[in-house]
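Before any comments, here is the structure.
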Amino acid sequence: MCLGEYSSAFPLVSLLSRFAFSLRLNYDNQRVCFLAREARRRLMWAIYMLDQTWAAGLLEFTTCPVDAIYVGLPCPEETWELDVSPQTEVQLKSQTKLPGLLAANVCVSYLRDKVLRHAKRFAAGNCSAIEIMYGIRELETELEQFYLRLPPSSAYSERNLRLRTHSSWLPRFIVLHVLWHQCYCDLYRCITNGLIESVPASTLNEFDTAFVLRCWEQCTHHAVQIAGILTSLTDLRLEFSILPLDMAVCAYQCIRLLLHGQRVYGHKVPVSRERIKQYQRSCLQIIQTVARTSPSVQTIERDLKDLIDETQDHNAHPENRLKHTQQQGPHQILSIHSLIARSEFIDDSEELALEDAHAGDNLSAYEKHNHEYGGPLGTLRLPSPLPSLDPAEDMTPSSIVASQTWLQGGNAFEGAWDQPGIGFDFIRQMQWDGMGYFC
Numbered sequence: 074m075c076l077g078e079y080s081s082a083f084p085l086v087s088l089l090s091r092f093a094f095s096l097r098l099n100y101d102n103q104r105v106c107f108l109a110r111e112a113r114r115r116l117m118w119a120i121y122m123l124d125q126t127w128a129a130g131l132l133e134f135t136t137c138p139v140d141a142i143y144v145g146l147p148c149p150e151e152t153w154e155l156d157v158s159p160q161t162e163v164q165l166k167s168q169t170k171l172p173g174l175l176a177a178n179v180c181v182s183y184l185r186d187k188v189l190r191h192a193k194r195f196a197a198g199n200c201s202a203i204e205i206m207y208g209i210r211e212l213e214t215e216l217e218q219f220y221l222r223l224p225p226s227s228a229y230s231e232r233n234l235r236l237r238t239h240s241s242w243l244p245r246f247i248v249l250h251v252l253w254h255q256c257y258c259d260l261y262r263c264i265t266n267g268l269i270e271s272v273p274a275s276t277l278n279e280f281d282t283a284f285v286l287r288c289w290e291q292c293t294h295h296a297v298q299i300a301g302i303l304t305s306l307t308d309l310r311l312e313f314s315i316l317p318l319d320m321a322v323c324a325y326q327c328i329r330l331l332l333h334g335q336r337v338y339g340h341k342v343p344v345s346r347e348r349i350k351q352y353q354r355s356c357l358q359i360i361q362t363v364a365r366t367s368p369s370v371q372t373i374e375r376d377l378k379d380l381i382d383e384t385q386d387h388n389a390h391p392e393n394r395l396k397h398t399q400q401q402g403p404h405q406i407l408s409i410h411s412l413i414a415r416s417e418f419i420d421d422s423e424e425l426a427l428e429d430a431h432a433g434d435n436l437s438a439y440e441k442h443n444h445e446y447g448g449p450l451g452t453l454r455l456p457s458p459l460p461s462l463d464p465a466e467d468m469t470p471s472s473i474v475a476s477q478t479w480l481q482g483g484n485a486f487e488g489a490w491d492q493p494g495i496g497f498d499f500i501r502q503m504q505w506d507g508m509g510y511f512c
């Protein structure tokens with residue numbers, strides 16, 4: 074992902090999710106020690122967060138659903154490092170105080186995925202104005218309740234930021250609060266006129282003017298908060314070894330929303346032009362920092378520079394042109410920097426629709442061909458004898474000994490399938506009986 078090989082990483086993420094479920098990482102294994110259980114739990118949540126980054130709110134690209142994860146949130150770093158098992162485990166959807174920054178990052182990742190799912194469903198034109206209003210209010214409540222779960226030391230303030238200046242968990246602290254404000258931006262920008270992710274004009278006209286204005290004001294407020302956090306971070310003049318890719322995306326989006334509001338609403342924007350220019354420099358600096366370790370982020374850097382140049386030259390913004398070519402029916406909304414959009418997969422749905430129209434003309438030819446050759450299975454000439462599917466037959470004695478030696482060492486994932494009552498017969502389901510291909 075950092076190198077920009079998205080088409081290669083795309084299938085590997087889904088494979089990673091399947092391996093995690095196969096190893097039963099989504100369940101707690103009480104037979105292993107606390108350190109091993111915590112390692113399994115953290116790996117499971119890391120895979121979940123990676124999968125949500127790829128899916129970006131689209132259900133059809135989700136391979137690690139949160140409803141299939143039955144483990145608690147990660148414990149604080151000090152507890153794990155000192156091998157002190159916590160007395161109680163905090164669950165994702167509970168109202169208990171969050172035990173640490175990593176647990177809070179998991180929760181905000183879950184909330185952002187939920188917000189993106191709703192926002193893209195709103196923008197696709199599948200909901201009425203009343204449904205959208207109730208959906209926004211429900212998500213507002215969840216975001217507010219999440220922030221109340223944070224301990225005082227994890228809440229954002231200039232003091233808490235500076236106290237973590239030399240902490241190795243500073244990036245985790247910054248990502249938590251940037252993504253929380255980004256959730257609000259993602260929620261409200263679908264009610265902002267002129268963006269590609271806005272709801273259809275027919276639906277937008279059904280909203281009360283005061284509600285639309287409130288959504289725009291809240292979207293601008295949280296975009297300013299993101300820019301302010303990133304500006305405070307750059308003022309620390311620190312050298313970061315690595316920053317997450319989400320930081321670059323959020324930096325671009327907050328400037329995009331501020332420039333869009335400045336162009337559409339003019340003097341109503343509660344931020345001066347000089348302040349916005351300062352935010353532009355800070356966000357560009359953050360993106361360049363991420364690009365040092367992730368060359369793929371250079372695309373976001375170019376896009377932000379182009380966006381700033383277009384605004385300064387008073388040229389038409391590209392998203393305005395996209396708005397007029399937007400489909401009128403339900404469709405997918407991919408963000409400009411979506412990992413799926415950059416995987417270079419081709420949408421051939423229109424070509425398939427044309428082929429379906431001519432499918433009836435070719436039906437008789439198919440039936441004739443099928444009759445002459447004895448059906449679809451008649452064309453299959455299997456080699457005789459069939460190749461062995463047992464890998465042990467092709468292994469040399471030395472390789473067998475080496476594999477047995479490697480499997481002797483205990484690890485956190487050993488015995489995942491031995492615990493009764495929580496699983497299913499995985500080996501039986503994985504046996505291929507010759508019929509799975511045609512299901």
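Per the numbering used here, the sequence shown starts with residue 74, numbered consecutively.
Ideal placement from N, C-alpha and C gives every residue a C-beta, glycine not left out.
None of the values given here were measured: they were computed from a predicted structure.
Helix, strand or coil for residue i, going by three-state DSSP, please let me know.
i           : result
residue 239 : coil
residue 233 : helix
residue 339 : helix
residue 270 : coil
residue 305 : helix
residue 198 : coil
residue 368 : helix
residue 350 : helix
residue 129 : coil
residue 280 : coil
residue 363 : helix
residue 521 : No answer is possible for residue 521: the residues shown for the chain start at 74 and end at 512.
residue 156 : coil
residue 313 : coil
residue 151 : helix
residue 382 : helix
residue 225 : helix
Rounding to the nearest angstrom, what Cα-Cα distance links residue i and residue j in this structure?
i           : j           : result
residue 159 : residue 150 : 12 Å
residue 109 : residue 98  : 11 Å
residue 83  : residue 283 : 42 Å
residue 217 : residue 230 : 17 Å
residue 380 : residue 242 : 32 Å
residue 362 : residue 236 : 22 Å
residue 272 : residue 111 : 42 Å
residue 169 : residue 261 : 27 Å
residue 312 : residue 306 : 11 Å
residue 225 : residue 257 : 21 Å
residue 143 : residue 252 : 24 Å
residue 91  : residue 121 : 11 Å
residue 277 : residue 197 : 12 Å
residue 293 : residue 270 : 16 Å
residue 123 : residue 192 : 20 Å
residue 345 : residue 367 : 32 Å
residue 157 : residue 147 : 13 Å
residue 94  : residue 383 : 47 Å
residue 245 : residue 155 : 20 Å
residue 239 : residue 309 : 10 Å
residue 118 : residue 250 : 19 Å
residue 370 : residue 228 : 29 Å
residue 358 : residue 115 : 31 Å
residue 304 : residue 298 : 10 Å
residue 213 : residue 352 : 26 Å
residue 96  : residue 80  : 26 Å
Short check: CB of residue i to CB of residue j, under 8 Å?
i           : j           : result
residue 139 : residue 100 : no
residue 364 : residue 327 : no
residue 300 : residue 355 : yes
residue 145 : residue 162 : yes
residue 331 : residue 349 : yes
residue 129 : residue 189 : yes
residue 223 : residue 177 : yes
residue 152 : residue 87  : no
residue 180 : residue 255 : no
residue 280 : residue 202 : yes
residue 302 : residue 247 : yes
residue 376 : residue 325 : yes
residue 334 : residue 289 : yes
residue 195 : residue 208 : yes
residue 321 : residue 373 : yes
residue 336 : residue 259 : no
For the ligand SAH, any of its heavy atoms closer than 7 Å to the Cβ of residue i?
i           : result
residue 144 : Ligands are entirely absent from the displayed structure, and the ligand SAH is therefore not among its contents.
Length-filtered (3 minimum) beta strand (DSSP E) runs lying within the region 85-143: You should have found no qualifying run.
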